[in-house]
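No gaps in the numbering here: position 74 of the sequence shown is 142 in our numbering, and each next residue is one more. Some notes on the structure that comes next.
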Amino acid sequence: MTTSECYICVKEAKFDDLPPRECVAFDQHWRVAHAFDTALPGWLVLLPRRHVTAVHDLTDAEAAALGTWQVGLSRALRGVTGCDKTYVVQFAEAEGFAHVHFHIVPRTADLPQEQRGPGVFELLRRPKPERVTDEQADRIALSLRARLREHPDLA
Numbered sequence: 069m070t071t072s073e074c075y076i077c078v079k080e081a082k083f084d085d086l087p088p089r090e091c092v093a094f095d096q097h098w099r100v101a102h103a104f105d106t107a108l109p110g111w112l113v114l115l116p117r118r119h120v121t122a123v124h125d126l127t128d129a130e131a132a133a134l135g136t137w138q139v140g141l142s143r144a145l146r147g148v149t150g151c152d153k154t155y156v157v158q159f160a161e162a163e164g165f166a167h168v169h170f171h172i173v174p175r176t177a178d179l180p181q182e183q184r185g186p187g188v189f190e191l192l193r194r195p196k197p198e199r200v201t202d203e204q205a206d207r208i209a210l211s212l213r214a215r216l217r218e219h220p221d222l223a
């Protein structure tokens, strides 16, 4: 796969023009986006800013920042969504999405049992009327961005 075929790299190439939902937060190594096609508000995706297809290929600097991002985003999600916990998942196997990326998924107390754990992926690729809208994702992104700025200790 070339970077021109990679969804994440195509978005990264347009970094300066990304809406809040596509750039919740970032540093030199990582960018955070709200997932698309999800019915779960606050489902985030943590993306390396360079094309990499396996976790073992992360640089030492990328790896060093990874845990801080995962914990900081989990804390920010708790503050914004009230979730009880977050799931952190990485596969990078879907067509066009072989670029390493980590799903940071808020699990709320009212999430049905069948949608907990791996069942949460039922909330991706939902029919359009069930999905978080772009406007909702932008609002969540801006709330998360503000929370991360107000509490730099989160990340």
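From the three backbone atoms N, C-alpha and C, an ideal C-beta is built for every residue, glycine too.
Contact check, L145 vs P174, beta carbons under 8 Å: yes
Residue burial classification, V113 (beta-carbon count within 10 angstroms, cutoff 16): buried
Secondary structure of R213, DSSP reduced to three states: helix
Three-state secondary structure (DSSP) of A133: helix
Beta-carbon proximity check, Q158 vs V123, cutoff 8 Å: yes
Local conformation of H102 per DSSP, three classes: strand
Contact check, E80 vs G164, beta carbons under 8 Å: no
Other residues of its chain near F83: CB distance less than 6 Å, five sequence neighbours each side excluded: none
Beta-carbon contacts of H119 that lie in its chain and below 7 Å, excluding the five residues immediately before and after: T71, C74, C77, H167
Bridge partners - Y155, DSSP secondary structure assignment: V173
Cβ neighbour criterion (16 or more within 10 Å) applied to R215: buried
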